[in-house]
Structure formats: structure tokens, C-alpha cells
Amino acid sequence: MSFKTKRVLAATASAAVATLFLAGCAPADSGTAAGCEAYADYQGFEGTEVEVYTTIIAPEADLFVESFAEFEECTGITVNWNGTQEFEAQIAVRVEGGTAPDLAIFPQPGLLARFKDSLVAAPAKVTESVDANYSPDWKNYGTVDGTFFAAPLGANVKSFVWYNPKVFADNSYTIPTTWQELLDLSDKIAAEGKIQPWCAGFGSGEATGWVGTDWMEDIMLRTASAETYDKWVTHGIPFNDPAVATAIGEAGKILKNPDYVGDVASIATTTFQDGGAGIVDGTCAMHRQASFIGGILAADHGATIVEPTDTSMDNGISVFYFPGTSADNKPALGGGEFVAAFSDRGEVQALQHYLTTPLWNNAKAKLGGWFSANKGLDEANVADPVNKVAVQILKNATTFRFDGSDVMPAAVGAGTFWKEMTAWVAEDKSDADVLDAIEASWPKN
Amino acid sequence: MINTAFSLARKTPWEVIFPNLILLIVSLAAFAAVIYLVFLLASRVNVRVQEWLKYAVFLAPAVLFLLIGLVYPTLRTLVMSFMNADSTEFVGLDNYVWSFTIPEILVVLRNTFVWVLFVPTLSTMLGLAIAYLTDRMKRPGVVKSLIFLPMAISFVGAGVIWKFVYNFQPNLDKPDIGLFSAISKAFGVNPPNWLLEAPGNTLLLILVMIWIQTGFAMVVLSAAMKNVPDEVVEAAMLDGAGNWQRFVRVTVPMIRSTIIVVLTTTAIGTLKVFDIVRTMTGGNFETNVIANEMYSQSFRQMNYGQGSALAVILLVCVLPIIAYNIRQLRRERAER
Amino acid sequence: MSTRKKAKDIFASPIASAVAIIIAILWTIPTFGLLVSSIRPEKDINNSGWWTFFTNPSFTLENYAQVLFQGSTTNPPLAQFFFNSFALTIPAVVFPITLALFAAYALAWFNFKGKDTIFFIIFGLQVVPLQLTLIPLLQLFSKGLVVGDTVIIPDLGITGTFIPIWIAHTIFGLPLAIFLLHNFLSQIPRELIEAARVDGANWFTLFSKIILPLSVPAIASFSIFQFLWVWNDLLVGLTFGGGVKQVAPLTVRIAEMVGSRGSGWELLTAGAFVSMIVPLIVFFALQRYFVRGLLAGSVKG
């Protein structure tokens, strides 16, 4: 789902970093050749343009455009960044209508498969670069029916619980390291009755419910094996399998417990952006959400993102790892974007290749608020505290799995799964009814 | 400031606007010139040629546009509704069976019916009432403008405005930012979560559409009322008819055909509306309507078969309205 | 205008006026709330109702400054989108109304077989939802029209310009325009037309000398509706703009700005008002045309 992956947000802090970086090392206007050695492979396309169609819009988009400055200057290729919220629906319209973009950044690998007939397979150079710079898992998500199309771009980690370190310190709550400890802590907070243990928000316009699917996936990855998770995503087991029922049952222990979350039904109408507001003003203790929410809480609710050890700020927020069933069970749920080409023009391939290089990945990371799974990415370039933790989680994970709903067929992953998770909280629909309804909607062929 | 380095390589706004401005002017000028020339030449040729030329000039362009732009896509949709998700094989009536058996879609059909029932009737009645009231006012301008105002707002903008009104704050300790919640608290009632609880939430969405459409109905009906001859009204007064009777027995029948036009236009607009539902509830909480579900089936879930079947159902829903109007038009023709 | 008739004055009651005014106020409260919110600081919008502004006023133009002037490297300034909206709307009003007036004239006054059928089909076409036509029309613009091996319309290379948007709006506006204008034109007294014909006017001079001048009120009022519709449209601009910022209208930009900033009430409110300004000006400038002419054709008597 686009919202989840695109919001590697430029928090105020990272924007400042960006300014410093550019002021410090902006290429001088003169001497185009100097510093352009790395771009030798991309020559011969002066005056051409490449359209990049994406869900990533301002302000995040600005950082992308900045990261292309050197490429544009050295190659003479102009990158037209074209972001829209309507990407998921419009990409189908444009491809069918014969006006496909040059490059499209897919936020969901599941969406990629539908365009396999229109996409251009990744050229050998891009494939080589991806083989060298990414793990096979990541390459696999960009592969449809054995053909590799889409190179990985950014990454994010979803297995996060956001909290307010000062609130935790003041009440001497300890960071839970297992699922049971997490429930015990929730019980303790609920019993004290000072603040609400959890807050959550599923609302996201027509995509309402995706937050619920993330919860399910994260827990599924903990209560079941990675193999079972994979089978679940690819429909190797039915959606109403007992293993899935266990996961939704565990999720319900938190999300459908009024002692933890207050009014359960209103989770469905609280937007995901407002869902975490409670941890900023101290009305609730914990909020499970992916890395990007920090930027939103900072921009809309005046939060400051701090290191977990910094307990001085009233409005400080930080993250801890959403714990596994045992302390050494550390699976991670994440997501990412994938760049696929609809055109085989030289300049398009040049840009697609450039985006897979450590050169670009490091430059982009330095601008702040962003990281990728590129092996050449230097951790030192990932500056903000949360993404630093995210990179750590990605590295230490016993298992890493991609956001399941993004991989499932769109009818489920961008359809009934969202809708049913919404009904699950809004109408108190039972676990079994929810799973049966999603199972019934899985496309036949 | 930091962007100047590479924004120099990009076009300035003026560089973008200028060619577009030229295109705009040239297009408008060319359009006017072509029409002028055609008229000039056509009125000089002999009468026999004119007899067929008049069809080519007046009727053909619109018909051609409609054939390509609306008739062909409709037929294409009809065919696609009998095919599978990516239109590669025929599946018979499967998509229609799906439409009428999946409980979620039945809810969608029910809601669409409720919308078409309430929006045209209520907004026309309200518009009629306001038109009648303002017709008797000394300075109706301001009142009419305020009621028309929502027409000037996009559906998405209207969605924003009303999301504000229906905002619900689950935490009782925090102040409300939603008007409805605040009012209901002022009366000592704990507000419900307005957009969550079916079937009330569908009615609240319908209220938004009525809010928009009433202005249209009012403006059109009030124009029609102005054309009711005074003699007729005065005659009714002399017969001792009261206000209400005069309204029901004289005014309404006199503008009957306008009322039908307003009802029809509003009903068709209502069937097609999807922005309001999309921005306010995303079709959740049992508020979905056909036009929204059709869009998400076709383009989000990329099931063109099911999306097309819903579109065809939508078209069929409107047939009775069209048929009724055609009968009306026929009857009016006969009267003339 | 002598619209205030004696007979009505007798009955002009203060109660009727009061009721009308109350309804008008109720109707305006939601928009008014939005206006007040748009000049409040972000924190206040999120934490208290807009009505508290009056007891505890805090005023800012920051929201508008942000919407209007917040530059970005990916997006041109808002002024360009304003221009685009105009450049898109003017032909998208002129073209369909001209063609519709032509067709309405033909359907109302020419005598030929099947004209009722054509009229009813056009009337029926009003119901075709926009979404159905997106893909076929886009294909037409990007690939031309080829049946079998015969090229009927070649690929004109107009993708990425305003032209596809104009054509699309023209097509979508036609059915309703033809329907309403036909109603109007068929009310023109037959004697008038016949007298002109006897005087030797051909069908073309008849149109320019008699039909066109008589239709001005109807044209004006329909233009306003078409203007409002095109100006507020998002889907057509987004789809047929070929994904190019150079031709994207204001609505596309505001939708994007709002979406990228979380819940962002403060930008939503200011953005909504910025996009409303032009339609409101148009409405207030031309509203007297509503009182005259509009749909006069469908009024009997």
C-alpha cells in the first residue's frame, strides 16, 4: 500500500541535514566534467527526458529530485518526477490507454504482476547490478514468472512499536522483549488506569484497513513459521486456516480489547495519521506502526523523534522492536518500492541502473529520512534515530518478510483484506467470519 | 535557494506557460475561423447542396464525438462484462451472478437505491420550497447565492467540509472539533461515531449530496416560477385559494416539466457520484455505492469483468428514468 | 426587470423571508466553519472546534502562504496551475457548447427521419459514467483509431498537451448540453423560423441571425454549469493530462498537496478555499443569467 511505503518522511531534522549537505557539497556550476567520472556509462543521452511515475509525492519527492541533480547534470538527462496519490488506479488506466510512463515505482509487488505483458524486462546491466547489490529475496519480489522486471528502491521496516521514552521512564515501564511481556505490560498499564495502553487508527480513505493487515502480518510472522507465512501469502493454505486464525486471535487480544484501546469501533474512523497522536501528548502508551509515522507525528502533532535513551522531552517519541514470541525470535516485516520500465530507451535504462548503484543509494540516504536494502549503503549515511534502528532490525532479523498484503493479488491485498479488517473492528465481525469472507474473495484461477 | 543549481536546467513557469498560451489562443482562433469559414462557404453554395451540408455541419460533429467517446466505450463495457478479469475469455453471466450473490455487493446495490431515492426527491423538494420562499422576498440575491454556494465547491472539497462536521473524538476528555458532536454534547447526549454506524452513515453522506444539489434545484425552479403568468396566480387568488393551495394547485403543475428535468438530472448525477463516498468513508462501514465499487473493481483490483458488470447494472438502473422522460417528451411534442 | 409582481407583493410575508434566511444560514455553516478553520493555526485546528475561534481568536495566514507559495523542486508554483486550469476550462466550455448548440438546432428544427431516436439516444448517454470511457479514449489519443488495418484516425501526437483534455470534456459535456439546449430551442415560436425561411434565409443564416442571438441566456447559464464542472474536475485532468505537470489543473495539485501531508487539515482548508475562489467569482458575476434564461425552454406557458 502506497501510504505505507512512500512516507519515509522528511522530518524537520532531516530537511536540515539536506540543506547542510547540499550547501556543503553542491557541485559547482562550472566544470561539469569534474565529479562526473562515475557517470561515464550513462553518456550519449543529452537532452532526453525520463518520466518517473510514482506514489511518492511532496515533500518526500523533493528529496528524490535533489538526489538526481548530479545525474541530470552529468548526463544531460532530465528526470521528470511525477507523483500522484491516484497511482494505483491510474497506472492501469495509463498502461491500457497506451500512455504508460517510462519508469514506474511500484509500491506493491502484487501490482507488478498485472503488467507483466506491458513491462520491459530489466536489461542485463540492471540485473547484474541488482545481483551484486541486493539479496536474492529482494530481487525475487521484482520477478514475475521467472522474468526479472523491477529493481528494488527504498525499504522500510514495519515491526515497530512507537512510544514516549519520557512516559515510560516516569512510570518505570520496561521495554518488553517477548509477546507475553508486551501483553503483561499492557495489562499493567490498563490496571493502573492512568493512560490507555494502546492507540490505533485504521482510517486511510479508500485504503482504510491496511493498518489492520499490517498487524495481522506482523503477528502471523511471529505465531507461525516463515514457510507458513509464505504459503498464506501465496494461498498455499486457505485464508481461514487455523494458523491464520491464531494470528488474528492474538491481534484481537490487543486491538479488540477495550481495556487496551478504548472504543474499539472508532479505530476504524481514526485516520492512521492521527492514530499515534496519543503517544505524543501522553494519553496512550504504545502505537504499532512502520517507520514513516514518525515524520507525520512530527509534522502534524508536534512530536520530536528522539533516541530511546533520551527521556527528557515531553513530546519525544521513539521506537522499540515489536517483540516476537520469544526473545530470540526476531522476524521483521517490511516493505519497499520497485522500479520497473515500460520503455527500453537508453536513457530509461540508464536511470533504472543508476537507481540500483551504491552511489545513488548513499547520496539519497544522506538527504535523510530514507534507507534501502542496497548492500553498498553505508550505515553511517542513515542519520535519523529511527531509520538507524530500522537498518539494524533489517540486518539482525532472523527472518525478513515483505508486507503480505502487498504481495497478495490486488482483489485481496488491496480489497477484501482491508475491508474485512475494517469490519473486524468497526462492526465487531468475528475472527472466523472475517477470514471466511477473505477466503471466499481469493481469485479463482 | 538550494535548488537553483538544477532548477536552472528545468523550465521556468513562463517557459511552460508560453507555448501553452499560444496553443490555447491558436486553438480557439482556429475553432472560430473554421466555423466562420464553413458558414461563409455553406451559405453560398446552392440550395440542394445545403440540404445535406446542414447535417454535416450541425449534426455530424456532435454525433461523431458521442459515437467515439460514449457509445463505443459503452458497447465495449457491455462486452467486457461477460468476460473474465483481464478480458481474455468469456465467462458468461458469472460477473452478474457475482454481483447479485456477494453480500457486500448487495449492500452496494441497496445503498445506491437509497441514494437515488432520497437525493433527487429531497433536494428538489427543498429547492422548490426555497425557490417559493425567495420568490416572495424583497432581496433574494444573498439568500440564493448562499444556498447555491455549495455548487461551486468540488465534490472533494465538499467531502473535506463535511468530514469536519462529522468528526468524531473517541476520547471524551478531548475537545470536539466536529460540529455535530459538539451540538449533541451541548444537549447532553454522547455523540455516536457519525460515519461508522450503518444505516445512519449513508444518510449523512446523502445529506452532503443534498446540500450540494439543492442550490441547483432552487436556481432552476425559481427561474421556472418567474415564468408562471401572473394572471394564473391572480385567478387562483380570486377563487379564494390559500398560499398552500395556490402552491400545490397552480405553481407546481405549471412548472411540472421543469421539476421532472431537475429530478432527472439530479438522479443521474447521484448515480454517478463517487467522490463523496470515496473521500468520506472510502466505501467502508456499509456506505459503498455502485459508482465507487465499479471504479475500485476496475482500476484498483483490476477486475475489468466485475467492474464492467457493475457499470452495466448502473446503466440498467437508469433506464426507467430515461424511459419515463422519453414518454414525457413524446407527450409534450404531441401537445405542440 | 419587473420580476417583482404586484400579486406576489401582497403575500410577501416576513415569515417566509425569515424561513428562507434561516435555511440559508444553516446551508452556509459548514463552509463558514471551513473558512474560519483556514485562518487558524494548525495546532488549534487539530485541538479545538472552529467555533472556539470567536471566544479565543488566534489568526494566521500561514496556511494560505503555505498553499500558495510553498515552492518545491518537483512542482511549479501555484500560479502555473491556475493558468492551466483556465487554459483547460475555457475551450472545455466553448467547444461543447458550440457543438451542442449546433446539434440541438439540427434536432429541434431539421426534419429528417430518426431525429427523435437520435435525440433520445443522446439523452440516454447522459448516464454513461465517466470511468467507462477513460481507457478507450486514452487509446484513441495515444494510438489513433485503427479498424483492422485501416487507419481511420492516425496517432496525432497530442498526448501531454491540453488537447486530449479539451476533447474529453467536450464529449462528457455534450449529452446534457444538447438535452437542455434542445429544450430551449424547440420553444422558439415556429412562426419566427418560418417567417425567416420565407424571407429567403437559408439554414446557416437562420442559425446566425435568429437562433444564436435568441439562445444567449441559455448558453450563458449552461456555460456556468459546464465551467463549474470542468474547473472542479479531478479525474479527467489527471487521466488525460498524460501525467504531465505542464498541463495539470489546480485540482490535481491541491489533491496532491493535501495527500502528502498526513491529515493536514490546515492545508485542506486553505487549499479548498483557493480552488473555490474562481468558481465563486464566476457565479457572482454571472448569477443574474440564472434568473433569466436558465432552462426557460423546459417551462411551459
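Chains as they are written, first to last, in this note's numbering: chain A, 138 to 582; chain L, 108 to 443; chain W, 3 to 303. Idealized CB from N, CA, C, for every residue including glycine. Bear in mind the structure is a predicted one, so any value in this text is a computation, not a measurement.
Using a Cβ-Cβ cut-off of 9 Å, D451 of chain A does not count as an interface residue toward chain W, since no Cβ of chain W sits closer than that to its own. Within 10 angstroms of the beta-carbon of L174 of chain L lie fewer than 16 other beta-carbons, which makes it exposed. DSSP places V148 of chain W inside the beta strand (DSSP E), whose first and last residues are L147 to V149. Within the same chain, and ignoring the five residues on either side of G35 of chain W in sequence, the residues whose Cβ sits closer than 8 Å to its Cβ are W52 and W53. In this structure, the CA atom of P495 of chain A is about 42 Å from the CA atom of S578 of chain A. A Cβ-Cβ contact shorter than 9 Å links S188 of chain L with G412 of chain L. Checking the DSSP bridge columns, you'll see M190 of chain L partnered with L:F197.
For V230 of chain A, the C-beta contacts it makes with chain W under 7 Å involve L136, I137, L140 and T241, in order along the chain. Three or more beta-carbon pairs separated by less than 8 Å are not found between the region 490-509 of chain A and the region 338-354 of chain A, which leaves the two stretches without contact. Residue ranges of uninterrupted alpha helix (DSSP H) with 4 or more members, entirely inside the region 290-336 of chain L and ordered along the chain, are 307-333. N58 of chain W is outside the set of residues whose beta carbon lies under 9 Å from a beta carbon in chain L. The alpha carbon of P427 of chain L has as its nearest neighbour, out of L:P336, L:T371 and L:Q404, the alpha carbon of L:T371. Burial check for R407 of chain L: the Cβ neighbour count within 10 Å reaches 16 or more, so the residue is buried. Across the region 267-287 of chain L, CB contacts with chain A closer than 7 Å involve F275, P277 and N278, in sequence order along the chain. Put simply, of W:A26, W:F275 and W:T163 the residue whose alpha carbon is nearest the alpha carbon of V249 of chain L is W:A26. Three or more beta-carbon pairs drawn from the region 83-92 of chain W and the region 232-250 of chain W are found closer than 8 Å, and the two stretches are therefore classed as touching.
Cβ proximity to chain A below 7 Å picks out T161 from the region 161-179 of chain W. At a Cβ-Cβ threshold of 9 Å, A105 of chain W and A139 of chain L do not count as neighbours. Taking the CA atoms as reference points, G349 of chain L sits about 25 Å from V326 of chain L. A257 of chain W belongs to the set of residues whose beta carbon lies under 9 Å from a beta carbon in chain A.
The beta-bridge partner set that DSSP reports for C421 of chain A consists of A:Q333. By a beta-carbon distance limit of 8 Å, G431 of chain A does not contact V304 of chain A. Their separation comes to about 16 Å.
Excluding its 5 nearest sequence neighbours in each direction, P375 of chain A has C-beta neighbours in its own chain below 7 Å: E576, listed in chain order.
Taking a beta-carbon distance threshold of 9 Å, A169 of chain L counts as an interface residue toward chain W. Under a 10 Å Cβ-count criterion, L183 of chain W is classified as buried, with 16 or more other Cβ atoms of the shown protein chains found around its own Cβ. Contacts with chain A at 9 Å (Cβ-Cβ) include F143 of chain W.
Taking the Cβ atoms as the reference, G247 of chain A lies roughly 5 Å from G550 of chain A, within the contact range of under 8 Å. The beta carbon of G175 of chain W lies closer than 6 Å to those of P98 and Q228 in the same chain, with the five residues before and after it left out. S194 of chain L is positioned such that its CB atom lies no closer than 9 Å to that of I420 of chain L. In this structure, Y458 of chain A sits near V526 of chain A, with a CB-CB distance shorter than 9 Å.
Within chain A, the residues whose beta carbon sits less than 7 Å from that of G390 of chain L are E343, listed in sequence order. When C-beta distances to chain A are compared with 8 Å, the residues of the region 375-390 of chain L below that value are R385, T386, T388, G389 and G390, in chain order. F197 of chain L counts as exposed, since fewer than 16 other beta carbons sit within 10 angstroms of its beta carbon.
Under the 8 Å Cβ criterion, the region 208-226 of chain A counts as touching the region 176-191 of chain A, having at least three qualifying pairs. Unbroken alpha helix (DSSP H) runs of no fewer than 4 residues, entirely contained in the region 35-117 of chain W, are found at 44-49, 64-71 and 80-111, following chain order. By the neighbour-count criterion, in which a residue is buried when 16 or more other Cβ atoms sit within 10 angstroms of its Cβ, E364 of chain A is exposed.
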